[in-house]
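**Student:** To convert, take the position in the sequence shown, counting from 1, and add 31; that gives the working numbering.
By construction, the Cβ of each residue, glycine as well, lies at the ideal position given by its N, Cα and C atoms.
Note that the structure is predicted; figures quoted are calculated from it, not measured.
What follows is a single structure, and I will ask about it in a moment.
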Amino acid sequence: MRLNSFQGKRLLALARGGDYAHAGETESIDLVWNKLPKDPAQQVLDAGCGRGGTAAYIQRAGWGKVTGIDIEGESIQRARQVYPEITFDVCPVEQADRIGSGKFDIVCCFNSFYAFSDQPAALRAFAHNSKPGTQLAIFDYTDPGTFKESALGQHVELLGWHPLILSTISDLLRETGWTLDTIQDVTIEYIRWYKTFSDRIRELRSKLIEECGIETWEYASNFYDLMHETIKTGHMGGAIVYAKRTANGHE
Ligand SMILES: C[S@@+](CC[C@H](N)C(=O)[O-])C[C@H]1O[C@@H](n2cnc3c(N)ncnc32)[C@H](O)[C@@H]1O
């Protein structure tokens, strides 16, 4: 069972009460986006958009005209059906350059960057999609240095996880066409969001078992207890990284 699979995201969406597979649901979307310019006419790329709930929330709130991309076809198919007003594309972020050159005013990654297998390639592709001054917002897990030794870091599903390393993010951004603006630590909020979410999975036990089966529920329940514990004990955190497309940067 992988929680980034279609079935996994379905359980998460049921438990979160919306098509979200990120910490903090709409509270975190507002937190990230309240620092970004609001203009319904601007073009926004939601990279690793999953089931499309975040893209729809952003567009409906007037932040811009959103294009959502994800590597996983079933989620995109569903997103297109549920949110026909949004443009969705099956596209690995590493190949995002194929969806437009210099097109986007804002690029956002909502709890998706950690899952990208080639983060530098993704950032280069986003730079190609952007113009000088385009803003990038990455909302994600952070690795304070001990994540890989933690029980969560050792978890078999997580071998492909790459939480943000804040000490090197500025260099990574510079090498891929971006200039770091600010980093906002949201670890305190992550602890609260994952406590609430673990409790919610238990509260909704009967409904979730009925919809997704006991195996999936048990997996998700244990997994989110471990997530909460890992963040609470300081082996993982959360942050929002804001950057701007560098003038004459890489493409
Ligand atoms: C935890 S989910 C977050 C989904 C969505 N951003 C949200 O907030 O609900 C991470 C998403 O990243 C997608 N993803 C992982 N690697 C990707 C890649 N290389 N290219 C595009 N999407 C990817 C997964 O399929 C998944 O939908």
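Work out the CA separation of residue 136 and residue 78 for me, nearest whole Å.
**Tutor:** In a straight line, the C-alpha of residue 78 is about 13 Å away from that of residue 136.
**Student:** From this set, 192, 48, 180, 118, which residue's C-alpha is nearest residue 142's C-alpha?
**Tutor:** It is 192 whose Cα lies nearest to the Cα of residue 142.
**Student:** Are residue 124 and residue 86 close, meaning C-beta to C-beta below 8 Å?
**Tutor:** Not in contact: residue 124 and residue 86 (Cβ atoms no closer than 8 Å).
**Student:** Distance, Cα to Cα, residue 117 vs residue 246?
**Tutor:** About 34 Å.
**Student:** List the DSSP bridge partners of residue 98.
**Tutor:** Paired residue(s): 76, 118.
**Student:** Does the distance from the CB of residue 101 to the CB of residue 75 come in under 8 Å?
**Tutor:** Cβ distance not < 8 Å, so residue 101 and residue 75 don't count as in contact.
**Student:** Please check if any C-beta of chain B sits within less than 8 Å of the C-beta of residue 229.
**Tutor:** Protein chain content of the structure displayed is limited to a single chain, and chain B is not contained in it.
**Student:** With burial defined as no fewer than 16 other Cβ atoms inside 10 Å of the residue's Cβ, what is the status of residue 127: buried or exposed?
**Tutor:** By the neighbour-count rule (16 or more Cβ atoms within 10 Å), residue 127 is buried.
**Student:** List the endpoints of the continuous alpha helix (DSSP H) containing residue 153.
**Tutor:** Per DSSP, residue 153 belongs to the alpha helix (DSSP H) from 150 to 160.
**Student:** If you measure from the CB of residue 237, is any heavy atom of ligand 1 nearer than 7 Å?
**Tutor:** It does not: the Cβ of residue 237 is nowhere closer than 7 Å to a heavy atom of ligand 1.
**Student:** Ligand 1: which residues have Cβ under 5 Å from any of its heavy atoms, chain order?
**Tutor:** Chain-ordered list of matching residues: 35, 51, 52, 53, 79, 81, 85, 101, 102, 103, 123, 124, 141, 142, 143, 146, 147.
**Student:** Count the C-beta pairs between the segment 163 to 182 and the segment 194 to 210 that are closer than 8 Å, then say yes if the count reaches three, no if not.
**Tutor:** Because the criterion of three Cβ pairs below 8 Å is met, the segment 163 to 182 and the segment 194 to 210 touch.
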